[in-house]
Structure formats: structure tokens, C-alpha cells
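Student:
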Amino acid sequence: MAITVNTNVSSMIVQRNLSQSTTALNNAIERMTTGYKINRAADNAAGYSIARNWETQLSSLDVAADNAATAADMLATLEDNYALISSHVQRVRDLTEQAANGTYGDQSKKAIESEIQARLDEIDRIAANCEFNGIELMKGGTTAGTPGAAGIDIQVGIDSSSTKSRIHLDSSLFSNGKVAGLFTNSTNLAKKCAGLVEGTGNTAQEQLDEIDNVITKISERITTLGAAQNRIDSAIESLGVQSENITSSLSTLRDADVATESSNYIKAQILQQASATLLATANQSPSIALNLL
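Residue numbers (our numbering): 7 to 299.
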């Protein structure tokens, strides 16, 4: 091999290998410190794109799960209020049955009527105050700010599909929960319940039957709420499974194997140190020409 001064091929070879080992060392350090084997598109263009897409899906699934949990809280609020109303209606029934007994005089019936009216007023107050995040849940109708005839759509998926990503809560869930919405004829209801005299067209049995119908109506609404809550709970569980599967796939694609990267780090470090030592030797190679002079 020719001995030259102007061109030091040995040094160029060593410099190239030194650069490669340094790059490998830096990559290993980056992967161990970030925990990712894909840190930029240059590492794996296809993998980087897939990882970004999965990250977007995971973020959307988290939001969908929050949506479903919020909807579950809303329905729980509605159910709890119906439970309160049900207890008041049951008390109205007890008082009505009490008033139907012939042993009570007018003064006693007035006292019963007073409590019945207080219970009915409380039912109206509960229904009027039953709201969630500005939505009046027991108002019914189509008034602005209420669920209205269209009901409520809960977004529990990551796309716009109405069948895969939404749960529709029918407007019947948000029917009028006030006395006027529960009883067929609520006019002077307290007097009807406490002024029960045979022959007036308003017998005790008739009024008790009406109250029983209301209790049944409330029970049916609560049952419907329970079914809707079960759907939402199922959606939350499904979202959890989706999130878990995508997270597992993302980990396989993107997460660095620390054992492998540690091995790569040691290898690159040794090669870098060897290249640095040999570079010093290669740089001295042209000086051999002095021995020929």
C-alpha cells in the first residue's frame, strides 16, 4: 500500500466508524432516557404514523369515557330525585287511606289535607330543582334548555356513527315530574285526597287507585332509567377494553426494550472508545514518510 501525506485514508475510515458508533451511542441513550424506540419519524416512518393515530384514539376514548360517566351521573341524579318523589307520593297515599276512615272529623281531615298539600308542593319543588349541568331533567316538553322531544345523545365513541358511537336517551326519561305531570287531574288534589265522602263522585277507592297509578308510573320511569344506566355502564366497560388493547399495541410498537438498548449502548460505547484511540494512531500514519527522508 502506498505511503501518502496528502490523503490519509486510514484516518477517514476511522472517522466514519467513529461517527457511526457515536450516532448509535446517542440513539441508545435517547431511547433509554425517553423509554421509546420511536422518537421521530426518521426512526420508523410507518410506526411513527401508526403511533400518532393510536395516541389520538386513546385521547378520544378517554373523553368518551368521561362523557359516559357524566351521563351516568346525570341519570343517577334523576333516579335519586324520583326516589324522593316516590317517598312523598307513598306518604300521600298513606294519608289518603287514613282520611278515608270514617273516624276522622273535619278538623282532622283539614290537618291531613295540609300535610298532603305540603307533600305535593315538595314534589313540585323537587321536580323544578332537578337539573344537571343546566339541563332541567323533570321539566318535560320542548322548552329551551330541556331535553325536549328529541331526547339526549351521549357520545360514547370516537367517530360520528350514530349506531356505534352514541347512546340515545329517549325524551320519556325526562318527562314532567311535577304533580301536574304525574296525576291525571291535579286540580285540588289535596282536597280530593282528604275530603273523601261516599256519594260525592270522589270515593276513597278512586283516589287510591289514582295514587297507585302514579306510583306505578314512577316505578316504570325508574326502571327505564336503570336500563339506560346499564347501557352506559356497558359502554364504559367497552371503552376500557378498547383503551387497554390500543395501549398494549402502542407499547409493543413504540416502547423501547431497555435490555436491548443497554446492550446497544455498551457496544456503541466500546466501538466509540476504540475508534477514538485508533484515530490518534491513524493520524500519525503519514509521519512514517519522514523515516524515508
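Heads up, the beta-carbon is just placed ideally off N, CA and C, and yes, glycines get one too. Model, not experiment: these values are computed from the prediction.
Grab the span of the alpha helix (DSSP H) containing isoleucine 284 for me, first residue to last.
Tutor: With the sequence shown as reference, residue 284 is identified as leucine, and isoleucine is not the correct amino acid for it. Leucine 284 -> alpha helix (DSSP H) spans 264 to 290.
Student: Between Ile160, Glu85, Ile44 and Ser93, which has its C-alpha nearest isoleucine 242's C-alpha?
Tutor: The candidate whose alpha carbon is nearest that of isoleucine 242 is Ile160.
Student: Using the Cα positions of glycine 207 and isoleucine 221, report the straight-line distance between them to the nearest angstrom.
Tutor: Residue placement at glycine 207 cannot be trusted, given a pLDDT of 46 that sits under 50; what the coordinates show is reported in the next sentence. Those two C-alpha atoms are separated by around 22 Å.
Student: Go through its chain and collect everything with a Cβ distance to asparagine 45's Cβ below 8 Å, but skip five positions before and after it.
Tutor: Here the set comprises Glu36 and Arg37.
Student: Give a yes or no on whether the C-beta atoms belonging to leucine 84 and methionine 144 are separated by under 9 Å.
Tutor: Against a cut-off of 9 Å, the Cβ pair of methionine 144 and leucine 84 comes out as a contact.
Student: Can you list, in chain order, the stretches of the alpha helix (DSSP H) that have 4 or more residues and sit fully within the stretch 11 to 96?
Tutor: With a minimum length of 4 residues, the continuous alpha helix (DSSP H) runs that stay inside the stretch 11 to 96 are 15 to 40.
Student: Quick one, which of Thr209, Gly146, Thr287 and Ile132 has its alpha-carbon nearest serine 181's?
Tutor: If we check each option's Cα against that of serine 181, Gly146 comes out closest.
Student: Sorted by chain position, which residues of the same chain lie with C-beta nearer than 8 Å to leucine 67's C-beta, five sequence neighbours on each side aside?
Tutor: So the qualifying residues of the chain are Ile164, Leu245, Gln248, Ser249 and Ile252.
Student: Give me, in chain order, the residues of the same chain whose beta-carbon lies closer than 7 Å to that of lysine 223; leave out the 5 immediate sequence neighbours on both sides.
Tutor: Hits under 7 Å: Leu188.
Student: Expressed to the nearest angstrom, what Euclidean distance is found between the alpha-carbon atoms of alanine 262 and threonine 29?
Tutor: Distance between the alpha carbons of alanine 262 and threonine 29: 17 Å.
Student: CA-CA distance, glutamine 279 and threonine 10?
Tutor: Cα to Cα, glutamine 279 sits roughly 26 Å from threonine 10.
Student: If we ignore side chains and look at the alpha-carbon of each, how far apart do glutamine 213 and alanine 233 end up?
Tutor: Going from the Cα of glutamine 213 to the Cα of alanine 233 covers about 31 Å.
Student: Label lysine 116 either buried or exposed according to how many other C-beta atoms from any shown protein chain fall within 10 Å of its C-beta, with 16 as the threshold for buried.
Tutor: The residue in question, lysine 116, is exposed, as its Cβ has fewer than 16 Cβ neighbours within 10 Å.
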